[in-house]
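Reminder that position 98 of the sequence shown reads as 98 in my numbering, one-by-one numbering, no gaps.
We treat Cβ as the ideally placed atom computed from N, Cα and C, and that holds for glycine.
Working notes, structure below.
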Amino acid sequence: MAQADSRQEVIVVGGGPAGLMAAGQAATRGLQVILLEKKHLPARKLGITGKGRCNLTNTAANDDFLRTFGHGAKFMRFALGRFSSRDLVSFFNSLGLETEEERGGRVFPRTQQASDVVRALVGWVKEAGVKIKTAKAVRQIVAEKGRVRGVVTDKHGTTEEFFRGENIVIATGGASYPATGSTGDGYALARALGHEIVPVYPGLVPLETKGDTAPMMQGLSLRNVRAGIYVQGKKQVEDFGEMLFTHFGVSGPIVLSLSKDVVRALSRNLEVKLVIDLKPAVSHTALKSRISSRMHARGRKKISNLLKEFLPIKMIPVFLKNSDIDPDKPGSDLSASEQKALRMWCKELCMDITGYRSFNEAIITSGGIKLSEVDPRTMQSRKVQGLYFAGEVLDVDAGTGGFNLQAAFSTGWVAGNSVTARQG
Ligand SMILES: Cc1cc2nc3c(=O)[nH]c(=O)nc-3n(C[C@H](O)[C@H](O)[C@H](O)COP(=O)(O)OP(=O)(O)OC[C@H]3O[C@@H](n4cnc5c(N)ncnc54)[C@H](O)[C@@H]3O)c2cc1C
1 MAQADSRQEV IVVGGGPAGL MAAGQAATRG LQVILLEKKH LPARKLGITG
51 KGRCNLTNTA ANDDFLRTFG HGAKFMRFAL GRFSSRDLVS FFNSLGLETE
101 EERGGRVFPR TQQASDVVRA LVGWVKEAGV KIKTAKAVRQ IVAEKGRVRG
151 VVTDKHGTTE EFFRGENIVI ATGGASYPAT GSTGDGYALA RALGHEIVPV
201 YPGLVPLETK GDTAPMMQGL SLRNVRAGIY VQGKKQVEDF GEMLFTHFGV
251 SGPIVLSLSK DVVRALSRNL EVKLVIDLKP AVSHTALKSR ISSRMHARGR
301 KKISNLLKEF LPIKMIPVFL KNSDIDPDKP GSDLSASEQK ALRMWCKELC
351 MDITGYRSFN EAIITSGGIK LSEVDPRTMQ SRKVQGLYFA GEVLDVDAGT
401 GGFNLQAAFS TGWVAGNSVT ARQG
């Protein structure tokens with residue numbers, strides 16, 4: 001096996017936001033750092049975040065920020081305390097990248113280009129003196145007597161090289177959007193060293209629905225709706241905002257944010273329903289009288305025309321087919337039960353959730369390196385000395401809004417500031 005380079009003080013595995021931040025911080029502290037990235041370029045995923053605009057972080061108050069991490073909140077408290085969203089914004093501003101805040105406290109680069117974030121970050125890392133080696137996939141971490149010794153890489157699946165190192169930061173990301181390089185390698189690397197991996201699932205992922213109701217409305221996007229998830233008939237969680245019908249089911253911001261509970265329930269073989277309230281500002285009673293009065297006032301008009309007052313155009317034929325109502329029927333002929341069907345469609349449009357999309361379409365990965373085996377103050381492994389973790393490879397994930405990138409940057413910052421050179 002070829003021996004590459006001399007001994008490194010720090011080896012960072014993975015050139016995403018977490019790895020780049022860890023590497024840059026360690027190098028800024030004067031340590032000798034090498035970053036090994038599997039792809040030909042670092043930060044492929046960062047470059048497509050936020051639909052190409054990169055939602056860097058969020059200005060939510062500390063407690064609200066932490067709450068988005070659910071079970072990972074306690075673990076994240078220290079890292080966010082050391083390197084907060086305000087610190088991240090200052091950091092990028094100091095690199096010449098201006099930022100601006102949008103609805104919901106979401107922070108984006110002023111240029112609206114994720115590629116500018118990548119350029120600023122990678123430029124800073126190189127300037128700090130980090131040696132970035134691309135097309136190097138780490139296949140094994142070598143440890144002896146409870147301490148890391150180095151890593152073994154392969155290139156295009158063949159050549160093997162050994163890099164000696166005193167500290168190793170695993171920042172390989174999760175398993176979602178594998179084409180960007182995040183294929184879950186970190187789990188196997190850590191497992192081989194005795195770490196437990198909390199089972200991984202696609203997170204922030206579109207959902208599949210039963211039947212052809214959703215596919216018939218493919219492309220229809222709804223705003224200001226409320227959607228709830230019912231597991232075995234019991235309401236679990238709800239959200240308000242935008243969603244979208246697709247050829248397989250449903251997607252869009254509120255569906256992604258609800259997906260975590262759905263994936264968990266489906267993996268336990270429980271029955272899951274999505275119930276959409278198209279008119280959350282109108283009560284059942286108010287809607288009942290509005291439907292009745294409109295049908296009588298404009299009664300000679302065809303129902304398919306009158307429905308435009310209540311439903312988006314693309315939804316009308318789907319409602320009529322589902323309710324078995326003749327589209328040519330005059331509004332005044334609509335029976336009480338047909339009026340009720342319209343009201344229920346508006347207030348409680350119900351769909352059976354049959355599945356969720358794969359890691360290929362998931363924004364993040366739920367699960368990962370078990371948090372109790374990592375020291376949140378340093379990101380160091382509690383099992384192997386000199387081994388650190390940063391970013392999505394950890395069992396930490398949050399909703400949309402810039403929280404996941406902040407987690408990657410904050411944990412990367414802590415790891416990069418915790419690694420130490422051994423004397424002698
Ligand atoms: C489409 C999309 C949009 C998103 N938008 C946002 C957003 O706007 N805001 C937000 O907060 N979050 C967003 N996210 C989530 C966010 O991108 C991730 O949480 C974040 O990138 C995780 O950073 P990371 O450094 O831990 O891992 P990654 O960004 O996944 O980087 C891991 C790196 O490690 C490399 N690697 C993997 N295995 C090896 C190996 N064996 N050897 C060497 N290198 C390896 C990979 O090639 C990759 O470059 C989005 C995700 C997706 C998929």
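| Asked | Found |
| --- | --- |
| Near ligand 1: Glu-160 beta-carbon under 8 Å from a heavy atom | no |
| For Gly-412, the three-state DSSP class (helix, strand or coil) | helix |
| Touch test, the region 316-333 against the region 371-384, Cβ-Cβ under 8 Å, three pairs minimum | no |
| Distance between beta carbons of Ala-128 and Thr-246, contact taken as under 8 Å | Not a contact, Cβ separation roughly 43 Å. |
| Other residues of its chain near Phe-83: CB distance less than 6 Å, five sequence neighbours each side excluded | Ser-410, Trp-413 |
| Beta-carbon gap between Glu-166 and Gly-24 smaller than 9 Å | no |
| Any non-hydrogen atom of ligand 1 within 8 Å of Ser-176 CB | yes |
| C-alpha distance - Ile-11 paired with Phe-248, whole-angstrom precision | 43 Å |
| Within 9 Å, strictly: CB atoms of Pro-280 and Leu-220 | no |
| Start-to-end residues for the beta strand (DSSP E) that takes in Val-229 | Sequence inspection shows Ile at residue 229; the Val mentioned does not correspond to that position. Run containing Ile-229: 221-231, per the beta strand (DSSP E) assignment. |
| Beta carbon of Gly-14 nearer than 9 Å to that of Gly-391 | yes |
| Cut-off 7 Å between Cβ atoms - residues of its own chain near Ala-26, not counting five sequence neighbours on either side | Val-10, Val-33, Gly-416, Val-419 |
| Nearest candidate by alpha-carbon position, reference Leu-20, set Lys-155, Ile-132, Val-384, Arg-53 | Ile-132 |
| Three-pair Cβ contact test at 8 Å for the region 189-197 versus the region 340-360 | no |
| Simplified DSSP state of Ile-276, which is helix, strand or coil | strand |
| Same chain, Cβ closer than 8 Å to Pro-330, five either side skipped, listed in chain order | Gly-299, Arg-300, Lys-301, Lys-302, Ile-303 |
| Beta-ladder partner(s) of Val-118, from DSSP | Paired residues: none, contrary to the question. |
| Coarse secondary structure for Cys-54, derived from DSSP in three states | coil |
| Contacts around Ala-421, its chain only, beta-carbon distance under 7 Å, and the 5 residues preceding and following it disregarded | Glu-9, Leu-31, Glu-166 |
| One or two residues paired with Tyr-201 in a DSSP bridge | Ser-366 |
| Buried or exposed by the 16-neighbour rule on C-beta atoms within 10 Å, applied to Ala-336 | exposed |
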